[in-house]
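Colleague:
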Amino acid sequence: MRRRKTVFVDADILVVGGGMGGCGATYESRYWGRDLKIVCVEKANIERSGAVAQGLYAINCYMGMHWNENQPEDHVRYARNDLMGLVREDLGYDIARHVDATVHKFEEWGLPIMRDPATGRYQREGKWQIMIHGESYKPIVAEAARKAASEVYNRIMVTHLLMDDARPNRVAGAVGFNVRTGEFYVFRAKAVIVAAGGASHIFKPRAVGEGMGRTWYAPWSSASAYALPILAGAKMTQMENRIVLTRFKDGYGPVGAYFLHLKTYTQNAYGHDYEAFWRDSIEKMVGDYVNHHPVPTCLRNHALLEEVKAGRGPIRMVTKEAFQDPHKETVGWENFLGMTIGQAVVWASQNIDPKEINPELTTSEPYVMGSHATCSGAWASGPEDYAPADYQWGYNRMMTVEGLFGAGDAIGGSAHKFSSGSFTEGRIAGKAAVRYVNEAGREQPVVSEAEYEELKKAVYKPLENYRIGRNEIVAGTVSPSYLLPLHGLQRLEKIMDEYVGGISAHYTTNEPLLTRGLELLDMLKEDLAHLGAEDLHQLQRAWELHHRVLASECVTQHTLFRTETRWPGYYYRADHPKLDDQDWHCFTLSRYDRHSGQWAMEKAPVYHIID
Ligand SMILES: Cc1cc2nc3c(=O)[nH]c(=O)nc-3n(C[C@H](O)[C@H](O)[C@H](O)COP(=O)(O)OP(=O)(O)OC[C@H]3O[C@@H](n4cnc5c(N)ncnc54)[C@H](O)[C@@H]3O)c2cc1C
Numbered sequence: 000m001r002r003r004k005t006v007f008v009d010a011d012i013l014v015v016g017g018g019m020g021g022c023g024a025t026y027e028s029r030y031w032g033r034d035l036k037i038v039c040v041e042k043a044n045i046e047r048s049g050a051v052a053q054g055l056y057a058i059n060c061y062m063g064m065h066w067n068e069n070q071p072e073d074h075v076r077y078a079r080n081d082l083m084g085l086v087r088e089d090l091g092y093d094i095a096r097h098v099d100a101t102v103h104k105f106e107e108w109g110l111p112i113m114r115d116p117a118t119g120r121y122q123r124e125g126k127w128q129i130m131i132h133g134e135s136y137k138p139i140v141a142e143a144a145r146k147a148a149s150e151v152y153n154r155i156m157v158t159h160l161l162m163d164d165a166r167p168n169r170v171a172g173a174v175g176f177n178v179r180t181g182e183f184y185v186f187r188a189k190a191v192i193v194a195a196g197g198a199s200h201i202f203k204p205r206a207v208g209e210g211m212g213r214t215w216y217a218p219w220s221s222a223s224a225y226a227l228p229i230l231a232g233a234k235m236t237q238m239e240n241r242i243v244l245t246r247f248k249d250g251y252g253p254v255g256a257y258f259l260h261l262k263t264y265t266q267n268a269y270g271h272d273y274e275a276f277w278r279d280s281i282e283k284m285v286g287d288y289v290n291h292h293p294v295p296t297c298l299r300n301h302a303l304l305e306e307v308k309a310g311r312g313p314i315r316m317v318t319k320e321a322f323q324d325p326h327k328e329t330v331g332w333e334n335f336l337g338m339t340i341g342q343a344v345v346w347a348s349q350n351i352d353p354k355e356i357n358p359e360l361t362t363s364e365p366y367v368m369g370s371h372a373t374c375s376g377a378w379a380s381g382p383e384d385y386a387p388a389d390y391q392w393g394y395n396r397m398m399t400v401e402g403l404f405g406a407g408d409a410i411g412g413s414a415h416k417f418s419s420g421s422f423t424e425g426r427i428a429g430k431a432a433v434r435y436v437n438e439a440g441r442e443q444p445v446v447s448e449a450e451y452e453e454l455k456k457a458v459y460k461p462l463e464n465y466r467i468g469r470n471e472i473v474a475g476t477v478s479p480s481y482l483l484p485l486h487g488l489q490r491l492e493k494i495m496d497e498y499v500g501g502i503s504a505h506y507t508t509n510e511p512l513l514t515r516g517l518e519l520l521d522m523l524k525e526d527l528a529h530l531g532a533e534d535l536h537q538l539q540r541a542w543e544l545h546h547r548v549l550a551s552e553c554v555t556q557h558t559l560f561r562t563e564t565r566w567p568g569y570y571y572r573a574d575h576p577k578l579d580d581q582d583w584h585c586f587t588l589s590r591y592d593r594h595s596g597q598w599a600m601e602k603a604p605v606y607h608i609i610d
């Protein structure tokens, strides 16, 4: 086996992932920890990485407190309603009370925010969204993080966290490899903040084959934010709460600006409003939640899905009226050009001029994330001044592993953070991590050489598998001895799709399906030991697959545990088709034991702090 150089990096605070949460964590850690060594490690390049890489057209979480537009309590009520009652109100409130300050910083750093010419205030797209010229959103945010960090390591994929040799439930750093040079990195740190984004491509996408990169969620979001803490033994929450998006067909172009700003609306193939038609049947499934305003996102998805099943699809967005107004037409196109250029290209290629034709909408495959409209992620300690005792065991945003913090998609229970809220949560985690490091004083975690040497062998094993196995075949890609990352990914997506409630199964599953899905995932996990990687790029794909598989297993365990259908439109437990507030008005928690491979499941109470 080729010898690979090991590079050692010591840090006080290690930030894993330089997206919105990671940049916020890096920036704030420097503010409170002037003399600390703050290191950010990123598998791409923070200049253009993460879900926001391509740009955004709106900041989706802004209160506007100084104009008395909204208060943090209003945002908590909104998120609670959208998530069918289940959110960590302490975490949501904590973000909402600080998010405006974050947005003001973005503007100070050069982000152009549109203003309403009549009021001088930020131009609202909706109650919570403000409109930006956001093509350069990520480079602007990254610049602040770069200036704050002691060092930024780009192009290093973190594969595992390291644990303290003396205290098994304390984090001690992380390992990974440089995807360009192949060097092995050992980061030793007193505190680690995981902000490695959510998970796409765990369910089979609608676009397969050459189009499989065209998903709503960034294809490079590979579940590391979940797999890293899961492997370290951190408790996870609400992992069953996957998200399904209604978006423009084939390009996944966003619909927010269309609904909220352009006031477009949907109708079935025959020109009828269908949402009202399904109201009564939804009420029988979920009770009064359907009468709340705004109607929870999952229930609107549900109405669309039922309408299509009833044979009255396709569902269309009525753009023809709004697009007669040249201003609205410009906004409609710019909305894509600023963040989803692919949708404009799809329309051009399919002869769709939204002024002449009402474009089709469809629902996406499920994704797992904790910062958009769902709550998956790690179970974290809440703010000291606000969280109920059950939600506090240490520092704000610390997971159940000591010294391990998180932000953005990584932290569960607190949906609707979006880009600004994720950055804000990174700041909150950064501040708390600095306090943790300062209070720990000279007491430092110990990294065992045996542990990182063992991990080093495991990390490069796919290259070795390929080198040897390749000799057994003369052509093609199928080998008797190794599994390519792409093949493993397709196998994972098929299992999740068919057994855990993907698009082919109309998002529906049940106990026998989930049980069989877990058996198949187990077999896939066995085969991951035989992954073969042709080069460093494929080695990254191999480790992304490892992370996706572990996160998928967690999603499946949670889906099995929650015996109700809490969010119709996101997924259905056909054997428990109704919402059950009596038994399931609670959070689901899991903990993985990496030694035994077993999962322990439990419930945690939901506290309603705000009336
Ligand atoms: C399609 C889409 C549209 C959105 N639209 C909007 C919008 O209009 N307005 C809005 O406000 N918000 C929007 N959001 C939400 C916003 O993008 C997210 O809330 C935010 O980016 C989450 O921050 P994060 O730090 O958790 O993840 P990210 O910003 O995705 O950052 C994760 C980072 O971790 C890195 N990483 C991953 N794995 C590893 C690893 N193993 N090792 C090292 N680095 C790793 C990634 O490369 C990435 O840089 C949208 C999100 C999506 C997916």
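FYI, the numbering for the sequence shown is 0 to 610, going by numbering that gives the first Met the number 0. Beta carbons: idealized from backbone N, C-alpha and C, even for Gly.
Out of Gly119, Lys137, Ala377, Asp496, point me to the one whose CA is closest to Leu588's CA.
Modeller: The residue you call residue 588 lines up with position 589 of the sequence shown. It is Ala377.
Colleague: When the distance is taken between beta carbons, is Val174 closer than 8 Å to Tyr184?
Modeller: The residue you call residue 184 lines up with position 185 of the sequence shown. The residue you call residue 174 lines up with position 175 of the sequence shown. In contact: Tyr184 and Val174 (Cβ atoms closer than 8 Å).
Colleague: With DSSP as the reference, label Cys39 as helix, strand or coil.
Modeller: Here the question's residue 39 lines up with position 40 in the sequence shown. Note: Cys39 maps to strand in three-state DSSP.
Colleague: Based on DSSP bridge pairs, tell me the residues matched to Phe186.
Modeller: Taking the first residue of the sequence shown as position 1, residue 186 is located at position 187. For Phe186, which the question treats as bridged, DSSP gives the partners Val8, Ala173.
Colleague: Which of helix, strand or coil does DSSP assign to Val157?
Modeller: Residue 157 sits at position 158 when you count from the first residue of the sequence shown. Strand.
Colleague: Taking three-plus beta-carbon pairs below 8 Å as touching, is the segment 132-143 in contact with the segment 328-342?
Modeller: Counting Cβ pairs under 8 Å, three or more are found: they touch.
Colleague: Taking 7 Å as the cut-off, is the CB of Trp219 close to at least one heavy atom of ligand 1?
Modeller: Numbered from its first residue, the sequence shown carries residue 219 at position 220. Trp219: yes, Cβ under 7 Å from ligand 1.
Colleague: Could you give the distance in angstroms between the alpha-carbon of Pro576 and the alpha-carbon of Pro365?
Modeller: For the purposes of this step, residue 576 is taken as residue 577 along the sequence shown, with counting starting at 1. For the purposes of this step, residue 365 is taken as residue 366 along the sequence shown, with counting starting at 1. Roughly 19 Å between the two C-alpha positions.
Colleague: Have a look at Gln537 and Pro484 and give me their C-alpha separation to the nearest angstrom.
Modeller: As a working mapping, residue 537 is identified with position 538 in the sequence shown. As a working mapping, residue 484 is identified with position 485 in the sequence shown. Going from the Cα of Gln537 to the Cα of Pro484 covers about 7 Å.
Colleague: Taking the alpha carbon of Tyr633 as the reference point, which residue from Lys104, Ala406, Arg76, Glu106 has its own alpha carbon closest?
Modeller: Because the chain in this structure spans residues 0 to 610, residue 633 falls outside the shown range and cannot be described.
Colleague: Taking Cβ positions, are Thr373 and Arg241 nearer each other than 8 Å?
Modeller: In the sequence shown, residue 373 corresponds to position 374, counting from 1. In the sequence shown, residue 241 corresponds to position 242, counting from 1. Taking 8 Å as the Cβ cut-off, Thr373 and Arg241 qualify as a contacting pair.
Colleague: Is Gly54 near ligand 1, going by C-beta to nearest heavy atom under 7 Å?
Modeller: Working through the sequence shown from its first residue, we reach residue 54 at position 55. No, ligand 1 has no heavy atom inside 7 Å of this Cβ.
Colleague: Please indicate yes or no: does the CB of Ser413 lie closer than 7 Å to some heavy atom of ligand 1?
Modeller: In the sequence shown, residue 413 corresponds to position 414, counting from 1. Checking every heavy atom of ligand 1 against the Cβ of Ser413, none is found closer than 7 Å.
Colleague: Contact check, Asn357 vs Thr318 under 8 Å by CB: the rounded distance?
Modeller: Here residue 357 corresponds to residue number 358 of the sequence shown, with the count starting at 1. Here residue 318 corresponds to residue number 319 of the sequence shown, with the count starting at 1. The pair is a contact, with the Cβ atoms about 6 Å apart (cut-off 8 Å).
Colleague: Please confirm whether any heavy atom of ligand 1 lies closer than 7 Å to the CB of Met156.
Modeller: Position 157 of the sequence shown, counted from the start, is the residue given in the question as residue 156. Because some heavy atom of ligand 1 lies under 7 Å away, the Cβ of Met156 counts as near it: yes.
Colleague: Just to confirm my understanding: we take Pro353, look at its own chain, exclude 5 residues before and 5 after, and list those with CB closer than 6 Å. What are they?
Modeller: Here the question's residue 353 lines up with position 354 in the sequence shown. Contacts found: Thr318, Phe322.
Colleague: Confirm the yes/no value for this check: CB of Ala50, any heavy atom of ligand 1, distance under 7 Å.
Modeller: Position 51 of the sequence shown, counting from 1, holds the residue named residue 50. Checking every heavy atom of ligand 1 against the Cβ of Ala50, one is found closer than 7 Å.
Colleague: So, helix, strand or coil for Val367, using DSSP?
Modeller: Residue mapping note: residue 367 aligns to position 368 of the sequence shown, counting from 1. Val367 falls in the strand class under three-state DSSP.
Colleague: Which of the three DSSP states, helix, strand or coil, is assigned to Trp598?
Modeller: Along the sequence shown, one-based indexing puts residue 598 at 599. Correct three-state label for Trp598: strand.
Colleague: Can you check which of these residues, Leu161, Gly310, Ala275, His291, is closest to Arg268 by C-alpha distance?
Modeller: If you number the sequence shown from 1, residue 268 lands on position 269. Looking at the sequence provided, one finds Ala at residue 268 rather than Arg. Per the Cα distances, Gly310.
Colleague: Look up Met83 in the DSSP assignment and say whether it is helix, strand or coil.
Modeller: For the purposes of this step, residue 83 is taken as residue 84 along the sequence shown, with counting starting at 1. The answer is coil: DSSP assigns Met83 none of H, G, I, E or B.
Colleague: Just confirm the distance between the C-beta atoms of Ile58 and Ile12, as a whole number of angstroms; I'd bet it's less than 8 Å.
Modeller: For the purposes of this step, residue 58 is taken as residue 59 along the sequence shown, with counting starting at 1. For the purposes of this step, residue 12 is taken as residue 13 along the sequence shown, with counting starting at 1. 26 Å between Cβ atoms; not a contact.
Colleague: Curious, which full-length beta strand (DSSP E) runs of at least 3 residues does the segment 363-421 contain?
Modeller: Qualifying beta strand (DSSP E) stretches, in chain order: 403-405.
Colleague: If you follow the beta strand (DSSP E) that Met316 is part of, which residue opens it and which one closes it?
Modeller: Position 317 of the sequence shown holds residue 316. Where Met316 is concerned, the enclosing beta strand (DSSP E) stretches over 314-317.
Colleague: Please say whether Asn334 and Tyr56 have beta carbons closer to each other than 8 Å?
Modeller: Here residue 56 refers to the residue found at position 57 of the sequence shown. Here residue 334 refers to the residue found at position 335 of the sequence shown. In contact: Tyr56 and Asn334 (Cβ atoms closer than 8 Å).
Colleague: Just to confirm, is the Cβ distance from Val193 to Ala541 under 8 Å?
Modeller: Numbered from 1 along the sequence shown, position 194 holds the residue referred to as residue 193. Numbered from 1 along the sequence shown, position 542 holds the residue referred to as residue 541. No; because the gap between Cβ atoms is not below 8 Å, this pair is not in contact.
Colleague: At what residues does the alpha helix (DSSP H) containing Met338 begin and finish?
Modeller: Residue mapping note: residue 338 aligns to position 339 of the sequence shown, counting from 1. 325-338 is the span of the alpha helix (DSSP H), which, as asked, contains Met338.
Colleague: For Leu530, write down the residues that DSSP places opposite it in a beta bridge.
Modeller: Locating residue 530 in the sequence shown gives position 531, where the first residue counts as 1. Leu482, per the DSSP bridge assignment.
Colleague: Quick one: is the Cβ of Gly175 within less than 7 Å of any heavy atom of ligand 1?
Modeller: As a first step, residue 175 is located in the sequence shown; it is residue number 176 there, counting from the start. Yes, Cβ of Gly175 sits closer than 7 Å to a heavy atom of ligand 1.
Colleague: Report yes if the C-beta distance between Ile494 and Leu454 is below 8 Å; otherwise report no.
Modeller: Numbered from its first residue, the sequence shown carries residue 494 at position 495. Numbered from its first residue, the sequence shown carries residue 454 at position 455. No, these two residues do not count as a Cβ contact at 8 Å.
Colleague: What does DSSP give as the partner residues of Met130 in its beta bridges?
Modeller: Against the sequence shown, residue 130 aligns to sequence position 131. Paired residue(s): Ala57.
Colleague: What span of residues does the beta strand (DSSP E) with Ser589 cover, start to end?
Modeller: In the sequence shown, residue 589 corresponds to position 590, counting from 1. Its beta strand (DSSP E) spans residues 585-592.
Colleague: What residue from Val294, Val178, Met83 has the CA that sits closest to Arg154's CA?
Modeller: Here residue 154 refers to the residue found at position 155 when the sequence shown is read from its first residue. Here the closest residue by C-alpha is Val178.
Colleague: What residues match up with Ile112 in a beta bridge as DSSP calls it?
Modeller: On the sequence shown, residue 112 is found 113 positions in, with the first residue counted as 1. Ile131, per the DSSP bridge assignment.
Colleague: When you compare each of Ala222, Ala78, Arg205 to Arg244 by their alpha carbons, which one comes out closest?
Modeller: The count along the sequence shown starts at 1 and reaches residue 244 at position 245. Here residue 244 is Leu; the residue named in the question, Arg, does not match the sequence. Among Ala222, Ala78, Arg205, the Cα nearest to that of Leu244 belongs to Arg205.
Colleague: Is the separation between the beta-carbon of Cys612 and that of Ala148 shorter than 8 Å?
Modeller: Given a span of 0 to 610 for the chain in the structure shown, any question on residue 612 remains unanswerable.
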